[in-house]
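Chemist:
Residue numbers (this note's numbering): 72 to 160.
1) Distance, Cα to Cα, residue 151 vs residue 118?
2) How far does the alpha helix (DSSP H) with residue 145 in it reach, from first residue to last?
3) If you draw a straight line from the alpha carbon of residue 102 to that of residue 88, how long is it in whole angstroms?
4) Note down the Cα distance separating residue 93 from residue 112, rounded to an integer number of angstroms.
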């Protein structure tokens with residue numbers, strides 16, 4: 072009877088430890104998945120910010136280049152010359 076009780080106790084402890092280990096493993100897995108998802112979202116947000124910054128920088132260069140062009144200056148001067156002064160054409 073003592074041997075049978077000992078075996079039963081050992082089997083119960085073994086089952087409990089196995090269940091506890093599986094629960095810990097599942098918890099670690101879920102935590103890793105959450106961290107990976109957060110890192111992925113942070114990386115995507117950083118890439119989006121970088122893309123926006125690059126687009127703005129590119130647009131600024133284009134605008135700057137266009138504002139300095141002689142053709143645009145002539146266009147503005149022509150427009151200003153055609154605008155009426157003091158309400159008179």
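Heads up, the beta-carbon is just placed ideally off N, CA and C, and yes, glycines get one too.
Modeler: On the basis of the coordinates in this document:
1) About 43 Å.
2) Here the alpha helix (DSSP H) through residue 145 covers 141-153.
3) Near 21 Å, if we compare the C-alpha coordinates of residue 88 and residue 102.
4) Roughly 28 Å separates the two Cα atoms.
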